[in-house]
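Asks: First, the structure itself, so that you have it in front of you.
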Amino acid sequence: MPYPMEGLPQQVTIYEVGPRDGLQNESSIVPVEVKAEFIDRLADAGHKVIEATSFVHPKWVPQLADADELLARLRRKPGVRYPVLVPNLRGLDRALERGVDEIAIFASATETFAAKNLNRSLESQFEMFDPVVARALDNGVRVRAYVSMCFGDPWEGPTPIAQVVSVGERLLGLGCYELSLGDTIGVGTPGHVTALIKAFRRPERLAVHFHDTYGQALGNTLAALRAGVTTIDASTGGIGGCPYAESATGNLATEDLVWMLRGLGIETGLDLGKLVSTSTWLAELLGRPSPSRVVQALSKG
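Numbering (our numbering), first residue to last: -7 to 293.
The structure is reproduced here in structure tokens:
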């Protein structure tokens, strides 16, 4: 039985990142047919947004080198969006060749991570994003933006809120429809989340992307909901991390998020049983148990 709380939305969009952000961190290559079935299962479970893959150069993320083949295999379900991540104009060209109608770009809120992840400075990263966003919009493609290290950086320590807002507002100003604030190493806490979101002018254009390194992902999500955010990134089974930040552990598990939201009476449109079944299936293929607490509890039952 749900027990609603005041100040929370009635409905939340879960932006599923498992096929991209989840599988990119696997040590072994997952076969393309498994990825395609994974995405099909997620759509069948009720997901309306599934980030399918990335057009990053295979040298940097070999786990997603099959992006072209995967998109060719996709059985697109009506009403479901299948965005892809692109790093630059070449990645955008590949996405356009595949008929992609929504992309995501990824930025950094800190100088060091911009250098390590993008080979750019904090300022010069925008020289790369500007033509990508402009060409995408000219081709009728929607653009989402991620910002990494929004709460802390393993090399620089806590990230100043004003610095995150400066990067984020510039990305929105380029024409991105949504900005996902990433706690890449999972150091955020609810008060910090609230303060960061309130520092932005338009919380309705924000999403949040939490990693559960210190067990704070659900608490941080609740804080974000209270602050006006209604889009939450999550990964089925809690798989994923960040290949460029060793201290980044798994993403917030979609099942754990759905369990909490269901208890609050917040609609997601997702079938929890099908999600648990999908995570159990995937965990068997990956050869390890799912880190999701809800998957562990319900699969035993």
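Don't be surprised by glycine CBs; every beta carbon is placed ideally from N, CA and C. Nothing here was measured: the structure is a model prediction, and the numbers come from that model.
(1) Under the rule that 16 or more other beta-carbon atoms within 10 Å means buried, what is tyrosine 7, buried or exposed?
(2) To the nearest angstrom, how far is the alpha carbon of leucine 88 from that of leucine 62?
(3) Which of the three DSSP states, helix, strand or coil, is assigned to glycine 83?
(4) Looking at the unbroken beta strand (DSSP E) that takes in glycine 174, where does it start and where does it end?
(5) Below 8 Å, how does it come out for the segment 177 to 187 and the segment 128 to 136: are there three or more Cβ pairs, yes or no?
(6) Run the CB neighbour count on alanine 362, radius 10 Å, all protein chains shown included, and call it buried at 16 or more, exposed below.
(7) DSSP on leucine 0, reduced to helix/strand/coil?
(8) Please return the same chain residues whose Cβ sits closer than 6 Å to the Cβ of glycine 211, not counting the five positions on each side in sequence.
(9) For proline 324, which residues in the same chain have their Cβ closer than 6 Å to its Cβ, ignoring the five residues on either side in sequence?
(10) Would you report the Cα separation of proline 235 and valine 221, rounded to the nearest angstrom?
(11) Taking the alpha helix (DSSP H) that isoleucine 42 falls in, what are its first and last residues?
(12) DSSP on glycine 144, reduced to helix/strand/coil?
(13) If you reduce the DSSP assignment to three classes, tell me which class threonine 102 lands in.
(14) CB alanine 226 to CB valine 185, shorter than 8 Å?
(15) Compare the C-alpha of glutamate -2 against each of Gly257, Glu247 and Gly232 and name the closest.
(16) I'd like to confirm the pairing. Which residues does DSSP put opposite glycine 71 in its beta bridges?
(17) Count the other CB atoms, across all protein chains shown, that sit within 10 Å of the CB of serine 158; report buried if there are 16 or more and exposed otherwise.
(18) What three-state label does DSSP hand alanine 154 in the structure shown?
(19) Which residue wins for smallest C-alpha separation from serine 75, given the options Pro150, Gln55, Thr104 and Thr45?
(20) To the nearest angstrom, report how far apart valine 4 and leucine 110 are at their CA atoms.
(21) Rounded to the nearest angstrom, what separates valine 287 and alanine 245 at their Cα positions?
Replies: With the structure as the only source:
(1) buried
(2) 15 Å
(3) helix
(4) 170 to 175
(5) Taking 8 Å as the limit for Cβ pairs, the verdict is that the segment 128 to 136 does not touch the segment 177 to 187.
(6) Outside the shown range of the chain (-7 to 293) lies residue 362, about which nothing can therefore be said.
(7) In the structure shown, leucine 0 sits in coil (DSSP, three-state: anything other than H, G, I, E or B).
(8) Pro182
(9) The shown model of the chain, from -7 to 293, leaves out residue 324, and the question about it has no answer.
(10) Any reading at proline 235 must be qualified, since the residue scores a pLDDT of 47, below 50, and its modelled position is unreliable; no value is offered.
(11) Per DSSP, isoleucine 42 belongs to no alpha helix (DSSP H) and is neither H nor E.
(12) strand
(13) Threonine 102 falls in the coil class under three-state DSSP.
(14) no
(15) Gly257
(16) Answer by DSSP bridge pairing: none, since glycine 71 is not bridged.
(17) exposed
(18) Reduced to three states, the DSSP call for alanine 154 is helix.
(19) Note that residue 75 corresponds to proline in the displayed sequence, not to serine. Nearest of Pro150, Gln55, Thr104 and Thr45 to proline 75, Cα basis: Thr45.
(20) 31 Å
(21) 9 Å
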